[in-house]
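Chains as they are written, first to last, in our numbering: chain A, 7 to 309; chain B, 85 to 366. Please read the structure below before turning to the comments.
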């Protein structure tokens, strides 16, 4: 017999909902006050010529800021660089992370190795930036030393467009491959053993069990990781700030870095920076929407 | 053949570890190098004599930025500790309440959950600018509160998500048993459910601490001086300078990195859930 009668349990349900709402108030106030309101304000500002550095009052210019973006060479070059990151760094991270997950599985000492590999991801990006800036030093850096062992001449990592871009990509791979690895490794371990063993009994080799049993089972997770990495790569900032400061010239301006330069460090041109941010926000929102649909939240949350 | 296979495997593992650990190794050793070994060719892979001078401000007097020594770091260290502790505490309280409501009463449903994920994925640069304008009107620029509030935007979605998965693992029968025994919702939440999730609460607080400790972009925009600036900003200021004093800067980097690495090794078990929104349990 259920402990409560029907009307009683209805009453309790309603009370639960009320308590639930009360419990959500703090989170709501954080999210409303610190995200929704500021973003509304940002969209509003993006229609104004508004600079914190000048005494002029904000002036409504409609879509003027957005029109300016199209003819802004630095903006388009920062989009180029960010797309390059997406096209090169993210796939590398996924492939490497997957390979390392397979490599480390069932290795002697895998727990220690796993913790060690996580370190790049946990070290504050600013500190990682210092380390890499030292490695990339032209005269004395270990990066060039290792290259010289292979017989290659010194490379100007921070001085040419090609190598500075490559350098940022390498740091991003260093920093975020561990994330891909961590997630896929956990995913691999959650695959039931008997599925794989059944394949082996049926005569599959170790490799084909990997290729035809485990990889397909990992696919949904791979997709989730891929989208998260794409979104995060769109936001890359700290590493660029610390290692190259966007240079040489504007060759390693990531999109976020360019917004920072326009909005804060160079011009305080809040109107134009807002317009740039709105575009970034739209891109991220679309990708996040895709992410949410692939997550199968209803199952994980038992909603 | 099996020895060949295991040798290849060993070499690969060594290469992987080398790639991921060498930059950290380099920072740590440089922090203990005397100034004449900061710039050498071939690079100094193992300091010939170890020194604490970089921490004490004794090394590299002829460099422009000796101020990177630990003596000047204290205000920044204090700010970092205060901000990260407050963020960890507030973030845990806020997200525990919210996660319980979502897990048990299904308030808000899919829409609320999707919103929380969206906030987690937001580009910080996009919130930095409007927050700057709003905080400067409120007189909050260059205060601890500017940092605490803005860091909460980053930590609460992450923490809430991890805690939802924790609450979901606790059988509902436990709540119901408490209700039958006459406990109210709050009472059962505080005396029955929360104690059971204490590992989760600890993990969430630790991860929020880590996130706040290393946060750079928002802090860069919202603070201007040592009254509120945190360690990453201290480091960021010296990296763009001319003739960087690598020793002291590495020493400061080591101080910034150490608590985070220790904490993260403690909390790594729960990291996966937060990072993937429960797509894997980990």
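Ideal Cβ placement from N, Cα and C applies to all residues, glycine included. On a predicted model such as this, the values are computed, not experimentally measured, just so you know.
What does residue 230 of chain A touch in chain B if you count any residue whose Cβ is under 7 Å from its own?
In the first chain, the residue the question calls residue 230 of chain A occupies position 224. Within chain B, the residues near residue 230 of chain A are 360 and 363.
Starting from the N-terminal side, write out each stretch of the alpha helix (DSSP H) that is 4 residues or longer and does not extend beyond the region 94 to 150 of chain B.
Those alpha helix (DSSP H) runs which fall completely within the region 94 to 150 of chain B and span 4+ residues are 137 to 140.
Nearest neighbour of residue 252 of chain B, chosen from A/39, A/305 and A/22 [CA to CA]:
Walking along the second chain from the start, residue 252 of chain B turns up at place 168. Nearest option by C-alpha distance: A/305.
So that I know if they touch, is there some Cβ in chain A lying closer than 8 Å to that of residue 176 of chain B?
Within the second chain, residue 176 of chain B is the residue found at index 92, counting from 1. No, because no Cβ of chain A sits closer than 8 Å to the Cβ of residue 176 of chain B.
Using only CA atoms, which one of B/99, B/202, B/179 and B/313 lies nearest to residue 289 of chain B?
Your numbering for residue 289 of chain B matches position 205 in the second chain. Just measuring C-alpha positions, the residue of B/99, B/202, B/179 and B/313 sitting nearest residue 289 of chain B is B/179.
Where residue 55 of chain A falls: helix, strand or coil (DSSP):
Taking the first residue of the first chain as position 1, residue 55 of chain A is located at position 49. DSSP places residue 55 of chain A in strand when its eight states are reduced to three.
Quick one: using the 10 Å Cβ neighbour count with 16 as the cut-off for buried, is residue 195 of chain B buried or exposed?
Start at 1 with the first residue of the second chain, and residue 195 of chain B comes out as number 111. Counting of Cβ neighbours within 10 angstroms places residue 195 of chain B among the exposed residues, the total staying below 16.
Confirm, please, whether the CB-CB distance from residue 106 of chain B to residue 245 of chain B is below 8 Å.
Against the second chain, residue 245 of chain B aligns to sequence position 161. Against the second chain, residue 106 of chain B aligns to sequence position 22. For the 8 Å CB-CB criterion, residue 245 of chain B and residue 106 of chain B do not form a contact.
Would you list, in chain order, the members of the region 104 to 121 of chain B that have their beta-carbon closer than 7 Å to a beta-carbon of chain A?
If you check each beta-carbon in the region 104 to 121 of chain B against every beta-carbon of chain A, the ones closer than 7 Å belong to 104, 105, 107, 108, 110, 111 and 114.
Buried or exposed: which applies to residue 155 of chain A, given that a residue is buried once 16 or more other Cβ atoms fall within 10 Å of its Cβ?
What you label residue 155 of chain A is simply residue 149 of the first chain in a count that begins at 1. Around the beta carbon of residue 155 of chain A, fewer than 16 other beta carbons lie within 10 angstroms, which makes this residue exposed.
Check residue 152 of chain B in the structure and name its three-state DSSP category.
Here residue 152 of chain B refers to the residue found at position 68 when the second chain is read from its first residue. Caution is warranted here: a pLDDT of 49 is assigned to residue 152 of chain B, below 50, making its placement in the model unreliable, and no coordinate value can be reported.
Counted within 10 angstroms of its Cβ, other Cβ atoms place residue 188 of chain A as buried (16 or more) or exposed:
As a working note, residue 188 of chain A is residue 182 in the first chain. Residue 188 of chain A is buried by the Cβ-count criterion.
Determine the direct distance from the alpha carbon of residue 54 of chain A to that of residue 46 of chain A, and round the result to whole angstroms.
Taking the first residue of the first chain as 1, we reach residue 46 of chain A at position 40. Taking the first residue of the first chain as 1, we reach residue 54 of chain A at position 48. So the two alpha carbons sit approximately 14 Å from each other.
Please list the partners that residue 312 of chain B has in chain A, where partner means a Cβ-to-Cβ separation under 8 Å.
Counted from its first residue, the second chain places residue 312 of chain B at position 228. Here the premise fails: no neighbours, minimum Cβ distance about 16 Å.
With a threshold of 7 Å on Cβ separation, who are the neighbours of residue 114 of chain B within its own chain once the five nearest residues in sequence on each side are excluded?
Residue 114 of chain B sits at position 30 when you count from the first residue of the second chain. Counting only residues of its own chain and dropping the five nearest sequence neighbours on each side, residue 114 of chain B has a CB closer than 7 Å to the CB of 122, 330, 331 and 334.
Neighbour-count burial assignment, residue 295 of chain A, 16 or more Cβ in a 10 Å radius:
As a position in the first chain, residue 295 of chain A is number 289, starting the count at 1. Classification for residue 295 of chain A: exposed.
Could you give the distance in angstroms between the alpha-carbon of residue 162 of chain A and the alpha-carbon of residue 221 of chain A?
Your numbering for residue 162 of chain A matches position 156 in the first chain. Your numbering for residue 221 of chain A matches position 215 in the first chain. Those two C-alpha atoms are separated by around 40 Å.
Between residue 150 of chain B and residue 268 of chain A, what straight-line distance do the alpha-carbon atoms span, to the nearest angstrom?
By 1-based counting over the second chain, the position of residue 150 of chain B is 66. By 1-based counting over the first chain, the position of residue 268 of chain A is 262. Low confidence applies here, because residue 150 of chain B scores a pLDDT of 48, under 50, leaving its location unreliable; read the following figure in that light. Here the alpha carbons of residue 268 of chain A and residue 150 of chain B stand approximately 31 Å from one another.
C-beta contact flag for residue 126 of chain B and residue 151 of chain A at 8 Å
Indexing the second chain from 1 puts residue 126 of chain B at position 42. Indexing the first chain from 1 puts residue 151 of chain A at position 145. Yes, the pair counts as a contact, with Cβ atoms nearer than the cut-off.
Could you check the C-alpha separation between residue 152 of chain B and residue 141 of chain B for me, to the nearest Å?
Here residue 152 of chain B is taken as the residue at index 68 of the second chain, counted from 1. Here residue 141 of chain B is taken as the residue at index 57 of the second chain, counted from 1. Any reading at residue 152 of chain B needs caution, since the residue's pLDDT is 49, under 50, leaving its predicted position unreliable; the model's value is listed next. Rounded to the nearest angstrom, the two C-alpha atoms are 8 Å apart.
Across the region 88 to 98 of chain B and the region 120 to 131 of chain A, are there enough close Cβ pairs to call them in contact, namely three or more that are closer than 8 Å?
The way I'd put it, the region 88 to 98 of chain B doesn't touch the region 120 to 131 of chain A; fewer than three beta-carbon pairs between them come closer than 8 Å.
With respect to the alpha helix (DSSP H) encompassing residue 218 of chain B, which residues constitute its N-terminal and C-terminal limits?
Taking the first residue of the second chain as position 1, residue 218 of chain B is located at position 134. Note, residue 218 of chain B: alpha helix (DSSP H), 208 to 222.
Would you say residue 190 of chain A and residue 231 of chain A are within 8 Å of each other, going by their C-beta atoms?
The residue labelled residue 190 of chain A in the question sits at position 184 within the first chain. The residue labelled residue 231 of chain A in the question sits at position 225 within the first chain. Cβ distance < 8 Å, so residue 190 of chain A and residue 231 of chain A count as in contact.
Cβ closer than 9 Å: which chain B residues qualify as neighbours of residue 145 of chain A?
Here the question's residue 145 of chain A lines up with position 139 in the first chain. Near residue 145 of chain A (Cβ distances below 9 Å), the residues of chain B are 123 and 125.
So which residues of chain A does residue 133 of chain B contact, with C-beta pairs closer than 9 Å?
The count along the second chain starts at 1 and reaches residue 133 of chain B at position 49. The CB of residue 133 of chain B never comes closer than 9 Å to any CB in chain A; the least such distance is about 19 Å.
For a test of the three-state rule: what should DSSP assign to residue 7 of chain A, helix, strand or coil?
The residue given as residue 7 of chain A occupies position 1 in the first chain. Its pLDDT being 43, under 50, residue 7 of chain A is placed unreliably in this model, and the coordinates cannot settle the point.
My output table needs one value for residue 313 of chain B: the three-state DSSP class, helix, strand or coil.
By one-based count along the second chain, residue 313 of chain B stands at place 229. In the structure shown, residue 313 of chain B sits in coil (DSSP, three-state: anything other than H, G, I, E or B).
What is the DSSP secondary structure of residue 66 of chain A, reduced to helix, strand or coil?
Mapped onto the first chain, residue 66 of chain A falls at position 60. In the three-state DSSP reduction, residue 66 of chain A falls in the strand class (E or B).
Any chain A beta carbon closer than 8 Å to residue 229 of chain B:
Locating residue 229 of chain B in the second chain gives position 145, counting from the first residue. Answer no: the Cβ-Cβ gap between residue 229 of chain B and chain A never drops below 8 Å.
Between B/217, B/351 and B/138, which has its C-alpha nearest residue 307 of chain B's C-alpha?
Within the second chain, residue 307 of chain B is the residue found at index 223, counting from 1. Among B/217, B/351 and B/138, the Cα nearest to that of residue 307 of chain B belongs to B/217.
Assign residue 88 of chain A to buried or exposed, taking buried as 16 or more other Cβ atoms, counted over all protein chains shown, within 10 Å of its Cβ.
Taking the first chain and counting its residues from 1, one reaches residue 88 of chain A at position 82. It is buried - the Cβ of residue 88 of chain A has at least 16 other Cβ atoms within 10 Å.
Rounded C-alpha distance that separates residue 341 of chain B from residue 44 of chain A:
Working through the second chain from its first residue, we reach residue 341 of chain B at position 257. Working through the first chain from its first residue, we reach residue 44 of chain A at position 38. Cα to Cα, the separation comes out at about 32 Å.
With distances taken Cα to Cα, identify the nearest neighbour of residue 157 of chain B among B/312, B/172, B/278 and B/301.
Residue numbering aside, residue 157 of chain B sits at position 73 when the second chain is read from its first letter. Closest by alpha carbon: B/312.
Spatial neighbours of residue 223 of chain A within its chain, please: C-beta separation below 7 Å, excluding the five flanking residues on both sides.
Position 217 of the first chain, counted from the first residue, corresponds to residue 223 of chain A. Close CB contacts of residue 223 of chain A within its chain, under the 7 Å cut and outside five residues either way in sequence, are with 197 (chain order).
Residues in its own chain within less than 8 Å of residue 178 of chain A by CB, not counting five upstream and five downstream?
Counting from one through the first chain, the residue named residue 178 of chain A turns up at place 172. Cβ within range, chain order: 91, 95, 99, 239, 242 and 245.
Counting contacts by CB-CB distance shorter than 8 Å, is residue 210 of chain B in contact with chain A?
Position 126 of the second chain holds residue 210 of chain B. Yes, its Cβ sits closer than 8 Å to a Cβ of chain A.
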